[in-house]
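Engineer:
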Amino acid sequence: MKAPVGLWMMTFAPVRPGNIQEIYTQEKDMILLEGLHHISLGSSNLDRSVDFYQNILGFDLLEQTETYALVHLDPITVRFNFIDGFQSAITNPGEVSLSYVLDVDDFTSAIEELEENEINIIKGPLAIEGGESLLISDPDGHLIELFYTE
């Protein structure tokens, strides 16, 4: 069986009665979301993924089993699901429209840290509206945008 590529899933939590529903009137029945619970990503090697997110990006390990790992950096939790032979389906990472963004407080230091750890900067640094940005990938090819607000 061929391993799936490009696994990228977001999990949302529904709104509890009595908060946003009281603020907005809805003409249609719809699911109202209160937030992003976690992001799920495929991983060909959980130890390698956890190491990258802990030691390069500063996430905390919440839990790890043989089949998944949870890492957290407030307010985001990432769940890695082990998929034997997994590889990202991204073929042109400089033009991708799906990535997740992590804020950094010192852009110059972040770039130096990436270079010291031999992490490839795919695109950037770039001056964009509201700050500076660069694009890297994790060991499985998932794109991560680092953003510095001016």
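Note that the numbering used here gives residue 1219 to position 55 of the sequence shown, counting from 1, and the numbers run on in steps of one.
Think of the CB as a built atom: it goes at the ideal place given N, C-alpha and C, for glycine as much as any other residue.
Computed from a predicted structure; not experimentally measured.
#1: Under the three-state reduction of DSSP, which class applies to Glu-1279: helix, strand or coil?
#2: What residue range is occupied by the uninterrupted alpha helix (DSSP H) comprising Asn-1219?
#3: If you count every other CB in all the chains shown that lies within 10 Å of the CB of Ser-1207, and 16 or more means buried, which is it?
#4: From Ser-1291 to Leu-1205, what does the alpha carbon distance come to, in whole angstroms?
#5: Let me make sure I understand the geometry here. Which of Leu-1210, Ile-1220, Ile-1286 and Asp-1248 has the alpha-carbon closest to that of Leu-1234?
#6: Under 8 Å, do Asp-1304 and Gln-1251 count as touching if we go by C-beta distance?
#7: Per DSSP, what kind of secondary structure is Tyr-1252 in: helix, strand or coil?
#8: When the distance is taken between beta carbons, is Val-1242 closer than 8 Å to Asp-1311?
#9: Between the beta-carbon of Ile-1286 and the beta-carbon of Leu-1299, is there less than 8 Å?
Structural biologist: On the basis of the data shown:
#1: helix
#2: 1210–1219
#3: buried
#4: Checking the displayed sequence, the identity of residue 1291 turns out to be Ala instead of Ser. About 28 Å.
#5: Leu-1210
#6: yes
#7: A quick correction: the sequence has Ser, not Tyr, at residue 1252. The answer is coil: DSSP assigns Ser-1252 none of H, G, I, E or B.
#8: A small fix is needed here, since residue 1311 is Phe in this sequence, not Asp. No; because the gap between Cβ atoms is not below 8 Å, this pair is not in contact.
#9: yes
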